[in-house]
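Below: one structure, written as structure tokens.
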Amino acid sequence: MQVQIVVFITFITVNVILLLCNGEPELIWSDEFDGQSIDRTKWAYYTGKAPNNELEQYTNRTENVFVENGNLVLKAIKEIYNGHNFTSGEIYSQYKGDFLYKTVKVRAKLPYGRGVWPAIWMLPTYYKHGPGIASGEIDILELLGDKPNKMYSTCHYGKTWTDRDSKSSNYSLPHGDFSDDFHVFSMKWSPDLIRIFVDDVQIINFRPSDVPKKYTYPFDDYFYIILNVAVGGNWPGSPDASTVFPQVMLIDYVRVYK
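Taking this note's numbering, I'd label the letters of the sequence shown as residues 71 to 328.
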């Protein structure tokens, strides 16, 4: 028995050392959505009218934002509500989960349909470099629902929304759609590099030197996480008769590593 215990302890020790040597990242913040409701120590609700000429009103109702079967559910519903034709959900981690130079991973199953616009993205906590786009925006994932097999990632920067630039790329699944199953969307962020992945396929490789000299590289301060499903807007356009509602984005987990 003593020999077995020694062997077992040695096995554990060796595996811990191997993990450390292999650079396995340390988990510092996460939500597995295993509870009965939104964890208000980690998330706040965005409510009210949406930007970008979107058609939804975001609410904090359990019809639009809830936890079920180990997933966060953000549900876009076609209904008349406060003068809007759609409602949906958005949560964000500002002042509850703010991160600088970390790895972010989100496992999600996405909605589909023309005019449906899910996003996993980040905004600056303190707007160190000025208002709006001057302090940057990181879109880990955006999807236009009429192209359900194709996702977009973008790092935005500039001076104003009329004087700006970005590093952007996209990725199409070789088989099926992002609404068929869960996929892992991730960002690895260091002082000299931002990389964005889908299922470990790298789609963005962005360095400070990629920014034209007329602009400031703004990705050197804290950002927070946003999860939402928009309906309509300048980019996706409006839903049409082919769009089925309700539409949901399921989030299995959000994990942040050192």
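For every residue, glycine included, the Cβ atom is placed at its ideal position computed from N, Cα and C.
Since the structure is predicted, the reported quantities are computational estimates derived from the model, not experimental observations.
Give the DSSP-derived three-state secondary structure of residue i in the structure shown.
| i | result |
| --- | --- |
| A204 | helix |
| P282 | coil |
| L320 | strand |
| V314 | coil |
| P188 | strand |
| S163 | coil |
| H199 | coil |
| A120 | coil |
| P309 | coil |
| E212 | strand |
| D104 | coil |
| K148 | strand |
| S158 | strand |
| W113 | coil |
| S249 | coil |
Do residue j and residue i come within 8 angstroms of each other at the CB atom, strictly closer than that value?
| i | j | result |
| --- | --- | --- |
| T224 | D235 | no |
| V135 | G159 | yes |
| Y285 | Q164 | no |
| A189 | F255 | no |
| F156 | E133 | no |
| M359 | V268 | Only positions 71 to 328 of the chain appear in this structure, which leaves residue 359 out of reach. |
| I161 | I108 | yes |
| P121 | A204 | no |
| F169 | P218 | no |
State the Cα-Cα distance for the pair residue i and residue j, rounded to the nearest angstrom.
| i | j | result |
| --- | --- | --- |
| P309 | G183 | 7 angstroms |
| D233 | Y227 | 9 angstroms |
| E96 | V137 | 26 angstroms |
| R110 | L243 | 34 angstroms |
| G200 | T230 | 10 angstroms |
| D216 | K283 | 37 angstroms |
| N275 | V176 | 19 angstroms |
| F252 | K328 | 24 angstroms |
| Q317 | P181 | 6 angstroms |
| L144 | S312 | 21 angstroms |
| L142 | L320 | 6 angstroms |
| D262 | D280 | 11 angstroms |
| Y338 | I150 | Here the chain covers residues 71 to 328 and nothing more, so residue 338 does not appear. |
| G153 | N139 | 32 angstroms |
| N240 | I264 | 15 angstroms |
| Y197 | G307 | 29 angstroms |
| N298 | E207 | 15 angstroms |
Please classify residue i: is it buried, with 16 or more other beta-carbons within 10 angstroms of its beta-carbon, or exposed?
| i | result |
| --- | --- |
| T173 | buried |
| G302 | buried |
| R325 | buried |
| Y128 | buried |
| W113 | buried |
| D270 | exposed |
| W259 | buried |
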